[in-house]
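These protein sequence lines are chains X and D, in that order. All residue numbers in the first sequence are consecutive under my numbering, ending with 343. All residue numbers in the second sequence are consecutive under my numbering, ending with 275. Ideal Cβ placement from N, Cα and C applies to all residues, glycine included.
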Amino acid sequence: MTHIHPVEPAGDVTATTSPAPVSAGEPPPPRRAGPTRLTARQRLSRWDVRLSPYLYISPFFILFLVVGLFPLGYTAYVSVHEWSLIGGKGEFVGLDNYRQVFEDRYFWRALRNTVSIFLLSSIPQVLIALVVAGLLDSQLRGRTLWRMSVLIPFVVAPAAVALIFGNLFGDRYGLVNAALDLVGIDAIAWHVNTLASHVAIATMVNWRWTGYNALILLAAMQAVPRDLYESAALDGAGRVRQFVSVTIPMIRPTMLFVVITSTIGGLQIFTEARLFDNVGLGGSDRQWQTVTLYLWELGWRLRNLGTASAVAWLLFLFIVVFALVNLVLIRRLGGGGKG
Amino acid sequence: MNRRPGFLVYGLLTAFVVGSALPLYWSLIVGSHESDVVTRRVPPLWPGGHFFDNAQRVFETVEFWKALANSLVVSTVCATSVVFFCTLAGYAFAKLRFRGSTALMVFVVATLAVPTQLGVIPLFIQMAKLGWTGHLWAIMVPTLVTAFGVFFMRQYLVDAIPDELIEAARVDGCSMIRIFWNVAVPAARPAAAILWLFTFMTVWTDFFWPMIALPATNPTVQIALQQLQSGYYVDYSLVLAAAVLSTIPLLVLFVLTGRQLVAGIMQGAVKG
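The following block contains the structure:
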């Protein structure tokens, strides 16, 4: 498989050879040092070789332990206690927080909203990204410029995206409703109707990430051996046919990667939902409150970190299950392809 | 594919790019007109002349200068720290032999799939205990070194440094850290630049954790945006002027380095 090196590693290799005589500027190590000193040096050097790797990788592991792994475990601990944002830890309550969450209809609503927004964002996103990548995978004029252009939305922060689209999807004066009016469709209450709000929020996510994912898929497409297309063309396959039966099966691993990452991100949508209106709780009837937003409302509005932690754990499990289901589904769907 | 693309390909791509740029252009239009612009029956097609008035109001309404400075400090510190520590770790995984390296690398990749966002509650409790909530440290510490960075640098350095070079330096009596400094760091530069950019953008655009960990008086840019919007009545000229202002630094960065950014995304994809 040919790797693509857009950063021109060939140039770097020559660059690295220039400082190659590492000790050129330094005096060579003293050759005539006494035998005892030499062994001391050697021992030091052996320890250097042995320990340095661990030293180099330790910052990551230490930090991950402190801000990644420990908090995840500690969340479980908080979730079985009464725990107020202000007062701190209270009594041990067992699974009471979980029961409370399960009995809250807003939890189920948040779960439904999250899945709905996730589906509305990930499916069109992957499909459009596939098409865009397919379009980019040709001998375009100004190739780099095209690739950069599809990445423009990526530089806009989710918070800004949410504010911009909150305006575009305005119920009374929004541009989207004005455009719909032009083609004779009645104004849609984007901030009232449940499904409409989900569409609006999914649009924000799609807008920001489709170009990014298209580039990832494009990279995979360019690694597909070109002679496969030639033989497909000889067999009489047209362009679309080639795309469906050569390109897509060949890039399946990358598609899997895109789907999994969009799952992990999509189930944690927060900013877009939080800033879709100026109240920030997901609508008057929580029409577009996502699970993460629900978690935040429990923890920082209702000041109950115990139940919020229970939600965090449930969401964690939910994401794991969802990612696994995705994995199995894609394996199944692609089963007839490359095998 | 080998054939020259036709009008259809260019047409579809153009449509996609227009769609990508339109919302940003719209925010410039609204942000450069007076506040009643959103109620007009026919929206203006061109930016107006009130952008600087609106920008001034942004700076008067919230502490936008402070927010910009905070975001700049946090993003720069995190990006620089990530590049340093991830190059160090990536180099160790790519080029040094040590017991358990494969298992540890698998662990690093596995952590990529862990949604650490869900650890915010204990993180918040910890930070509050340390008295760090409200301080920029609370934002910076969790992002000083990332799994993605370690993985990214490892993938790059595996091919970028010939093993003979390291052996030769060792024969010459170089210490490990000197080999890192004189061989690995120069070779890592292109990838390090990309990683720096990515981290800078990620930290700059982050919202969830800063919103929890920082008070209203010490915001980042994203939090300042939220403050502008959270009033009883949303003045969209004000809010979208701020949205444009908050995007300008990244747009400049994008114009200067978009080529590397594209390369980085595509490279990470193929090798990942």
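What are the start and end residues of each continuous alpha helix (DSSP H) run of 4 or more residues lying completely inside the segment 90-169 of chain X, in chain order?
Entirely contained in the segment 90-169 of chain X, the alpha helix (DSSP H) runs reaching 4 residues are, in chain order, 100-107, 109-140, 147-153.
Note down the Cα distance separating F67/D from A227/D, rounded to an integer number of angstroms.
A direct Cα-to-Cα measurement between F67/D and A227/D gives close to 7 Å.
Can the beta-carbon of I142/D be found closer than 8 Å to that of P213/D?
yes
Counting only runs of 4+ residues fully inside the segment 23-89 of chain D, write out the alpha helix (DSSP H) ranges in chain order.
54-64
Chain D partners of D52/X, CB-CB under 7 Å?
By Cβ distance, chain D contributes S178, M179.
Taking the alpha-carbon positions, what's the F326/X to R305/X distance?
28 Å
Per DSSP, which residues does N308/X bridge with? Please list them.
S88/X
Helix, strand or coil for A196/D per DSSP?
helix
Determine whether the Cβ of Q200/X lies closer than 8 Å to any Cβ atom of chain D.
The sequence shown places Ala at residue 200/X, not Gln. No - not a single Cβ of chain D is within 8 Å of the one on A200/X.
Since Y374/X meets chain D, which of its residues come closer than 7 Å, beta carbon to beta carbon?
The structure shown does not extend to residue 374/X, since chain X spans only 5 to 343, so no value can be given for it.
Distance cutoff 8 Å, beta carbons only. Does P162/X sit that close to anything in chain D?
It does: the Cβ of P162/X has a partner Cβ on chain D nearer than 8 Å.
Our contact map puts I66/X next to A206/X with C-beta atoms below 8 Å; I'd like the distance itself, whole angstroms only.
The Cβ separation is near 38 Å, so there is no contact.
With 9 Å as the limit, tell me which residues of the segment 155-182 of chain X have their beta carbon closer than that to any beta carbon of chain D; keep them in chain order.
L155, I156, P157, F158, V159, V160, A161, P162, A163, A164, V165, A166, L167, I168, F169, G170, N171, L172, G174, R176, Y177, G178, L179, A182
Between the C-alpha atoms of Q270/D and P222/D, what's the straight-line distance to the nearest angstrom?
When rounded, the distance between both Cα atoms is 34 Å.
Starting from A80/X, trace the alpha helix (DSSP H) both ways and give me its first and last residue.
74-83
In chain order, what residues of the same chain lie with their CB nearer than 8 Å to the CB of L199/X, ignoring the 5 residues before and after it?
S120
Taking only beta-carbon atoms, is G134/D less than 8 Å away from chain X?
Taking Cβ atoms only, chain X never reaches closer than 8 Å to G134/D, which makes this a no.
Does the beta carbon of I142/D come closer than 8 Å to any beta carbon on chain X?
When Cβ-Cβ separations below 8 Å define contact, I142/D makes no contact with chain X.
Hey, how far is the Cα of M349/X from the Cα of V265/D?
The shown model of chain X, from 5 to 343, leaves out residue 349/X, and the question about it has no answer.
Taking Cβ-Cβ distances shorter than 8 Å, what residues in chain D pair up with N101/X?
In chain order: nothing, as chain D lies at least about 12 Å away.
Using only alpha-carbon positions, find the residue among D238/D, L15/D, I215/D, L243/D that is nearest to H138/D.
I215/D
Which chain D residues sit within Cβ distance under 7 Å of G215/X?
S23
So what's I192/X in DSSP terms, helix, strand or just coil?
coil
Report yes if the C-beta of A216/D is less than 7 Å from at least one heavy atom of the ligand SAH; otherwise report no.
As for the ligand SAH, it is missing from this structure, which has no ligand bound.
Taking only the alpha-carbon atoms, compute the straight-line gap between V26/X and Q293/X and give it to the nearest angstrom.
Model confidence at V26/X stands at a pLDDT of 39, short of 50, so the residue's coordinates are unreliable; what they give is reported in the following sentence. Their backbone Cα atoms lie some 59 Å apart in a straight line.
What residues of chain D sit near L219/X, judged by a beta carbon separation below 7 Å?
V265, I268, M269
Could you check how far apart the C-beta atoms of T202/D and G152/D are, in whole angstroms? I think they sit under 8 Å.
7 Å
Under 7 Å Cβ-Cβ, which residues of chain X neighbour A246/D?
Simply A164, L167, I168.
For T79/X, go through chain D and note every residue whose CB falls closer than 9 Å to its CB, in chain order.
L121, G122, V123, I124, P125
Drop a sphere of 10 angstroms on the beta-carbon of K132/D, count the other beta-carbons inside from all chains shown, and report buried for 16 or more, exposed for fewer.
By the Cβ neighbour-count rule, K132/D is exposed, with fewer than 16 other Cβ atoms within 10 Å of its own.
Select from R113/X, L221/X, E107/X the residue whose C-alpha is nearest the C-alpha of V154/X.
L221/X
Which residues of the segment 219-231 of chain D have a Cβ closer than 7 Å to any Cβ of chain X? Give them in chain order.
Contact residues of the segment 219-231 of chain D toward chain X are Q225, L228, Q229 (C-beta to C-beta distance below 7 Å).
Under a CB-based cut-off of 8 Å, is I268/X close to chain D?
yes
In terms of residues, what are the limits of the alpha helix (DSSP H) holding G270/X?
256-270
Where does T17/D sit, in a helix, a strand or coil, going by DSSP?
helix
Write down the C-beta distance between V84/X and G98/X rounded to the nearest angstrom, noting that I regard them as a contact closer than 8 Å.
6 Å
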